[in-house]
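If you read the sequences in order, they're chains A and B.
Basically this note's numbering = 1-based index in the first sequence + 2.
Basically this note's numbering = 1-based index in the second sequence + 2.
The beta carbon of each residue, even a glycine, is placed where N, CA and C say it ideally should be.
There are 2 protein chains.
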Amino acid sequence: MTKTKHHHGNLKEALVTAGLALLEEGGIDALSLRKCAARAGVSHAAPAHHFDGLPGLKSAIAVEAFGIFSSYLQTAVDEGEQSAQARLKNLCRGYMQFGLDHGGLLAVIFGGAGLASYVPGAGKEEAHAYLILREVCAPFVGDHDDKRVIEAQVWSLIHGFTLLYVSGEFGPPHGQDGPFEAVMDLLNRIGNRPAP
Amino acid sequence: MTKTKHHHGNLKEALVTAGLALLEEGGIDALSLRKCAARAGVSHAAPAHHFDGLPGLKSAIAVEAFGIFSSYLQTAVDEGEQSAQARLKNLCRGYMQFGLDHGGLLAVIFGGAGLASYVPGAGKEEAHAYLILREVCAPFVGDHDDKRVIEAQVWSLIHGFTLLYVSGEFGPPHGQDGPFEAVMDLLNRIGNRPAP
DNA sequence: AGGCAATCTTGACGCCGTAAAGTTAACTTG
DNA sequence: CAAGTTAACTTTACGGCGTCAAGATTGCCT
Numbered sequence: 003m004t005k006t007k008h009h010h011g012n013l014k015e016a017l018v019t020a021g022l023a024l025l026e027e028g029g030i031d032a033l034s035l036r037k038c039a040a041r042a043g044v045s046h047a048a049p050a051h052h053f054d055g056l057p058g059l060k061s062a063i064a065v066e067a068f069g070i071f072s073s074y075l076q077t078a079v080d081e082g083e084q085s086a087q088a089r090l091k092n093l094c095r096g097y098m099q100f101g102l103d104h105g106g107l108l109a110v111i112f113g114g115a116g117l118a119s120y121v122p123g124a125g126k127e128e129a130h131a132y133l134i135l136r137e138v139c140a141p142f143v144g145d146h147d148d149k150r151v152i153e154a155q156v157w158s159l160i161h162g163f164t165l166l167y168v169s170g171e172f173g174p175p176h177g178q179d180g181p182f183e184a185v186m187d188l189l190n191r192i193g194n195r196p197a198p
Numbered sequence: 003m004t005k006t007k008h009h010h011g012n013l014k015e016a017l018v019t020a021g022l023a024l025l026e027e028g029g030i031d032a033l034s035l036r037k038c039a040a041r042a043g044v045s046h047a048a049p050a051h052h053f054d055g056l057p058g059l060k061s062a063i064a065v066e067a068f069g070i071f072s073s074y075l076q077t078a079v080d081e082g083e084q085s086a087q088a089r090l091k092n093l094c095r096g097y098m099q100f101g102l103d104h105g106g107l108l109a110v111i112f113g114g115a116g117l118a119s120y121v122p123g124a125g126k127e128e129a130h131a132y133l134i135l136r137e138v139c140a141p142f143v144g145d146h147d148d149k150r151v152i153e154a155q156v157w158s159l160i161h162g163f164t165l166l167y168v169s170g171e172f173g174p175p176h177g178q179d180g181p182f183e184a185v186m187d188l189l190n191r192i193g194n195r196p197a198p
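Listed below in structure tokens is the structure:
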């Protein structure tokens, strides 16, 4: 942990933290290698020793952002009403709210080479966000249904709505959540409706 | 139309055309003011006299791309089976196929300041793509339904699916269209089911 | 103590968007 | 038709960007 002229201590982590801050402050366009380096108090070429260029740094930031995203979803699912329908809508509301509150993080998560490359383990199946999605969708999967179909339907619907909503296609996103409720009504028809 | 040393003839159009070509060849990252200018045979500062910087050029390109997108959707809707259900699925298939075939154009269309700023008229309601969406959704709008709800549901679902599918979240997009059919099954439950 | 590898700095290169000033062509006006 | 004006484009320059190559410093290992 000694911080001398040529040894920062934990530069890798500091660069990722700086990147997250830049994303929160100025969105995806504000993220640059040189600004991360400057914010970490290091020369512009230092990051090259820890990441494979800008894409590598972005990937490392995306891993962290994906973790924050997952926590966000978990919190949203667990609060409020706890029926299967409500938990499904809670998940979607958390997804949308994350897009509104942390657009830069969402952009770095989904603007890269795919989520599969961010999860540390072998397959994407172990990522926290996937587990939440699977668990929340489970009550809606009928005996003869493919659970991946239900999950893909929910994911597509909320992902598309969030991106369109955040970019203002359904009107200014700061008003009532009418559009959200309207689109999420489609969830009431998904899969096998579970007992309330 | 005289093309002298200081008068290109129709530079504005040439720059947009060059931009579309760059997008098709190298995606959104390959689009730059200087490359558009070079491809149009003009100095790098020339575009400034026709567009308000790079965002202005991108907007002009997005207008054109949006027109291509609309034609793409119209063609998809009009071919194949012509039941209301089939036309709805045709629309979505065209949306997805456009994302696969012209990812750069889709990125410039939805990566900017919102579609509303691209349509020439006053409101977005007159844009061709909106008219197609509205027309295809109309048979599913019940007497006491808000048609905008149905349209937003369809748009969100196909938009989210397309972006996730193109970026590989449902597996390599070059295989069978299983994911598409699976997600689009949700459309069978939308609105009031019309007579076949 | 000596050697070595990791870490960070410095400098340079080419590409980028943008602004300012200069040049040429076309149009307008008397 | 000649002079003045405007529009279109070029040239030059600046700072920021990602990236590479070379050099300096540090800590570890033998």
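CB of residue i within 9 Å of CB of residue j, strictly
| i | j | result |
| --- | --- | --- |
| I111 (chain B) | A67 (chain B) | yes |
| V138 (chain A) | R89 (chain A) | yes |
| A50 (chain B) | A20 (chain B) | no |
| L108 (chain B) | G101 (chain B) | yes |
| G116 (chain B) | G170 (chain A) | yes |
| I160 (chain B) | G193 (chain B) | no |
| F163 (chain B) | A154 (chain A) | yes |
| G113 (chain A) | I30 (chain A) | yes |
| L189 (chain B) | V156 (chain B) | yes |
| F58 (chain A) | L75 (chain A) | Inspection of the sequence shows that residue 58 (chain A) is occupied by Gly rather than by Phe. No, the pair does not count as a contact, with Cβ atoms beyond the cut-off. |
| K14 (chain A) | L24 (chain A) | no |
For residue i, the first and last residue of its enclosing alpha helix (DSSP H)
| i | result |
| --- | --- |
| F112 (chain B) | 105–112 |
| S73 (chain A) | 55–80 |
| A40 (chain B) | 35–41 |
| L13 (chain A) | 13–28 |
| L152 (chain B) | Reading the sequence as shown, one finds Ile at residue 152 (chain B) and not Leu. Start and end: 149–168. |
| F182 (chain B) | 180–186 |
| G137 (chain A) | The question names Gly, but residue 137 (chain A) is Glu in the sequence shown. Where E137 (chain A) is concerned, the enclosing alpha helix (DSSP H) stretches over 130–139. |
Top-ranked residue by Cα proximity to residue i, from the options
| i | options | result |
| --- | --- | --- |
| I70 (chain A) | A:H130, A:N194, A:K91 | A:H130 |
| L33 (chain A) | A:S119, A:S61, A:P175, A:H52 | A:S61 |
| H104 (chain B) | B:H52, B:F182, B:A86, B:S72 | B:S72 |
| A64 (chain A) | A:G193, A:L22, A:Y132 | A:L22 |
| L17 (chain A) | A:P181, A:H52, A:E81 | A:H52 |
| E183 (chain B) | B:L25, B:M98, B:N194 | B:M98 |
| D148 (chain B) | A:R136, A:V185, A:L35, A:G106 | A:V185 |
| R136 (chain B) | B:E15, B:F172, B:V79, B:G113 | B:V79 |
| L133 (chain A) | A:A40, A:R150, A:G55 | A:R150 |
| D187 (chain A) | A:L56, A:K91, A:H8 | A:K91 |
| A140 (chain B) | B:A86, B:S119, B:S158 | B:A86 |
| A118 (chain A) | B:D54, B:G173, B:A39 | B:G173 |
| H8 (chain B) | B:E26, B:A40, B:L35, B:S45 | B:S45 |
| E26 (chain B) | B:H10, B:G106, B:G11 | B:G106 |
9 Å Cβ cutoff, residue i in contact with chain A
| i | result |
| --- | --- |
| H176 (chain B) | no |
| F163 (chain B) | yes |
| A184 (chain B) | yes |
| S61 (chain B) | no |
| R150 (chain B) | yes |
Cross-chain neighbours of residue i in chain A, by beta carbon under 9 Å
| i | result |
| --- | --- |
| S169 (chain B) | F112, G113, G114, A115, G116, L117 |
Per-residue contacts from residue i into chain B (C-beta, under 7 Å)
| i | result |
| --- | --- |
| R191 (chain A) | R191 |
| S158 (chain A) | L159, G162, F163, L166, V185 |
| L108 (chain A) | Those within 7 Å of L108 (chain A) in chain B number zero; the least Cβ separation is about 12 Å. |
| P141 (chain A) | Under the 7 Å cutoff, chain B gives no residues; its nearest Cβ is about 17 Å from P141 (chain A). |
Chain B residues whose Cβ lies nearer than 8 Å to that of residue i
| i | result |
| --- | --- |
| F172 (chain A) | A154 |
Below-9 Å beta-carbon distance, residue i vs any chain B residue
| i | result |
| --- | --- |
| L188 (chain A) | yes |
Residue i: contacting residues in chain A (beta-carbon distance under 7 Å)
| i | result |
| --- | --- |
| P181 (chain B) | A154 |
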